[in-house]
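So for the sequence shown, the numbering used here puts the first residue at 95; every next one is plus one. Take a look at the structure set out below.
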Amino acid sequence: MPRPVILTVDDDPGVSRAVARDLRREYGEYHRIVRADSGEAALEALRDLALRGEQVAVMLADQRMPRMTGVEFLERAMDIFPRARRVLLTAYADTEAAITAINVVDLDHYLLKPWDPPEEKLYPVVDQLLEAWRRAPDRPTTETRIVGHRWSARSYELRDLLARNQVPFRFHLAEDPEGHRLLEAAGLDGARLPVVVTGEGRALVDPTDAEVAQEAGLATHAVEQLYDLAVVGGGPGGLGAAVYGGSEGLRTVLVESVATGGQAGTSSRIENYLGFPDGVSGAQLTDRARRQAVKFGVEILTTRTVTGLASRGGVRVLTFDDGSEIAAHAVVLATGVSYRTLEVPGLTELAGLGVYYGAATTEAPSCTGETVYVVGGANSAGQAAMNFSRYAERVVMLVRGPSLQASMSQYLIEQIEAVESIEVRTCTEVVGAAGDEHLEKLTLRDRNTGDEQVVDAQWLFVFIGAEPRTDWLDGVVARDDRGFVLSGPDLPPAPDSRGPSGWEPDRDPFHLETSLPGVFAVGDVRGGSVKRVASAVGEGAMAVSLVHRWLENR
C-alpha cells in the first residue's frame, strides 16, 4: 500500500527544502514527503495522486506565494482531497490571513515561520493532525474507476466488461461528488463520457474495450505465432478444452471476444453442476477454470474478435478483426450462442438504457426497491429472476408458453415458486417499449386473449432463444440452417466417398470434428449439443483427446 503523503508548497526554494527536510527526518519512514514550488504545481501533484488512488494526510502551504496564495491553494485543494488536514505557513504579519483561512478553508492550524526548533513548533502540530487524519482517512484505491452517466449504454458495457473479467472497479456518476472530483483531478470537463481511471491514475476518455482490458492487465495480443491448439471462445466448453490442452502439454491459446465464462459466467447460481451440492455462481466457476488454465500455461487473450479461419499448408490460421493472425495445428470452436434480440417497436433504441440481453449482473444492485421484468422461461431466466429478487421489490417473469415445466429445471421452478416477490406471467409477451433517455414503459400482450396492458418499467432483462456466433465461418465449415456448426456423424456425407463433401483425409471425421479437418466444435455452438455447462466442459475435454489423434495421424 502506498505511504500516505505529506505535501508542502512554498515558492522559496530554501524554505521549501527546509520544511521538507524536517518532515522527512521525522515522518519519512511511514509517509511520502512531496514538495512543490507553486500552488499550480501542487494542484497538479494532487491530481496525479488522486488519479493513482493515493492518500494525502497533511498539506502545508505558504501564504505569500505569487499568482496563488496559500489560502487560495488550500481552498482548491479541498476539492481534490477534502479530508486532508490543512496547515498555513504564515509570517507574523499574516495573522489576518490565517483567521480568514480558518473560515474559508476550515484551516486546521496556522504555523508561524520560522518553526525552529521543529521538535517544539512543527512536530507536535503535525503529530496531532496525523492522528486526527488516521481516524478518518481517505480510502486508498488501486481499483479501476469509471465515471459516466447512469443511463449510458457505453458505461454499462464497460462495467460489464470489467465485472465479467473479474477486474475490481467502482462506478461513479459524473454528477456525484466523487465523480466530479475524479474528472477535475484528470483535468476533464465531463463533455465526453465515460472516463475510465486506471489503478495507476491514467484517465482514458471513452476508451475501447481493448484499451481498458490492456490497462487492467489482461492479455490482448498473442505472444507466439504458432500454437499446437487454438481455442476460440472462453465459455465452459472453451475453458474445458484449454485446461485439458494445457495440462497435456499442448501449447494452447484461448481467444475470447469479451470475457471468459460465456453466458454461464453471468449466472448468479448454478445448482446442478457436478461436485457443487450447495451451488456455485458462474463467476466463481469461471474464475477457478481461468486460473486452472493459466496454471497449465494456457495463454488467454481477451477482447480479441476472430473474423476468419482458413487452412494454410499444414496449419489452421485465425484472423483477428485488426488484420493480425495466429496459426495452430488444431482449432477448437467454442464460441457459444448469444441471446436473440426482441424485435419490438421502441426496444432497439433502449438497449443498454434499461434493456439488457443476459443477466447484466452489474445492474442488480441498482434495481433495489424497484420492479424488474425478465423475459424468458429457461434456466438462465430463472436464475436471473432469483438473483434480482434479492434486490428488487418485485420481479415479473414474462413467459410466452403456458408454463415453465417445458423449459426449466424442476429445482429452479420450485425455488421461484417459494419466493413471494417473483410473479410468473405465462402466455405473455412484450409488444412495445417507450422511453426518452431510458426505458419507462412496456406494452404487454396476453397471447390467449390479445388484451394489451401498458406498465411502468425501468428494467427489462431478456433471455430468449439462442443464436450461434458463426457468421464468420460461412463457407469455411458446414453449418445447419440455423447456423450451428455440424460435426462428426451429423455432417452430410458426400456421395460415394468417405466424410463430407470436400473431405480429404482417408477416414471419417472424428466425433466433434467439423468439415474442415483438424477443426473441432464443442458446447452450444455445435449442432445437436446439450445446452448444459457440464456437457460443454465434457465436450471440451473430449475434443483435446481427438486433437491428439489428429496430430498423431497427420
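Even for Gly, the Cβ is constructed at its ideal location relative to N, Cα and C.
Under the rule that 16 or more other beta-carbon atoms within 10 Å means buried, what is Thr-462, buried or exposed? exposed
Grouping DSSP H, G and I as helix and E and B as strand, with all else coil, what is Trp-245? coil
Helix, strand or coil for His-125, going by three-state DSSP, please let me know. coil
Tell me the DSSP secondary structure of Leu-498 in three-state form. coil
Val-468 and Ala-454 closer than 7 Å at C-beta: no
Shortest alpha-carbon distance to Ala-130 belongs to which of Glu-148, Ser-110, Ala-615 and Arg-118? Ser-110
Pick out the complete alpha helix (DSSP H) segments inside the segment 320–373, 4 residues or longer, and give them in chain order. 330–341
Mapping the DSSP letters down to three states, classify Asp-254 as helix, strand or coil. helix
By how many angstroms is the C-alpha of Gly-529 removed from the C-alpha of Thr-397? 31 Å
How big is the Cα-Cα spacing for Lys-215 and Ala-139? 27 Å
Should the segment 290–302 be called in touch with the segment 142–152, which here means at least 3 C-beta pairs below 8 Å? yes
Check for me: the alpha helix (DSSP H) holding Gly-634 runs from which residue to which? 627–646
CA-to-CA distance, Asp-221 to Gly-108, given in whole angstroms: 24 Å
Boundaries of the beta strand (DSSP E) in which Gln-547 is found, first to last residue: 546–550
For a test of the three-state rule: what should DSSP assign to Trp-553, helix, strand or coil? strand
Helix, strand or coil, according to DSSP, for Gly-526 in the structure here? strand
Taking buried to mean at least 16 other C-beta atoms within 10 Å of its own C-beta, is His-315 buried or exposed? exposed
Taking Cβ positions, are Val-438 and Val-513 nearer each other than 7 Å? no
Contact under 7 Å by Cβ, Gly-122 with Phe-167: no
Can you look up Tyr-467 in the DSSP assignment and give me helix, strand or coil? strand
Taking the alpha carbon of Thr-564 as the reference point, which residue from Asp-575, Phe-557, Val-556 and Ile-558 has its own alpha carbon closest? Asp-575
Ala-178: which of Asp-156, Asp-202 and Ala-151 sits nearest, CA to CA? Ala-151
Quick one: which unbroken alpha helix (DSSP H) runs of 4-plus residues sit fully inside the segment 123–174? Chain order, please. 133–145 and 164–171
Would you call the segment 608–619 and the segment 630–641 touching, i.e. three or more CB-CB distances under 8 Å? yes
Are Leu-506 and Gly-471 touching if we call contact CB-CB under 7 Å? no
Determine the DSSP secondary structure at Arg-264, reduced to helix, strand or coil. strand
Bridge-paired residues (DSSP) for Thr-543: BP columns for Thr-543 are empty, so no partner.
Assign Lys-389 to one of two classes, buried (16 or more other C-beta atoms within 10 Å of its C-beta) or exposed (fewer than that). exposed
Range of the contiguous beta strand (DSSP E) that encloses Tyr-217: Per DSSP, Tyr-217 belongs to no beta strand (DSSP E); it is in the alpha helix (DSSP H), 217–229.
Would you decide whether Asn-542 is buried or exposed? Buried here means 16 or more other CB atoms lie within 10 Å of its CB. exposed
According to DSSP, is Glu-419 part of a helix, a strand, or is it coil? strand
For Gly-476, which three-state DSSP category applies? helix
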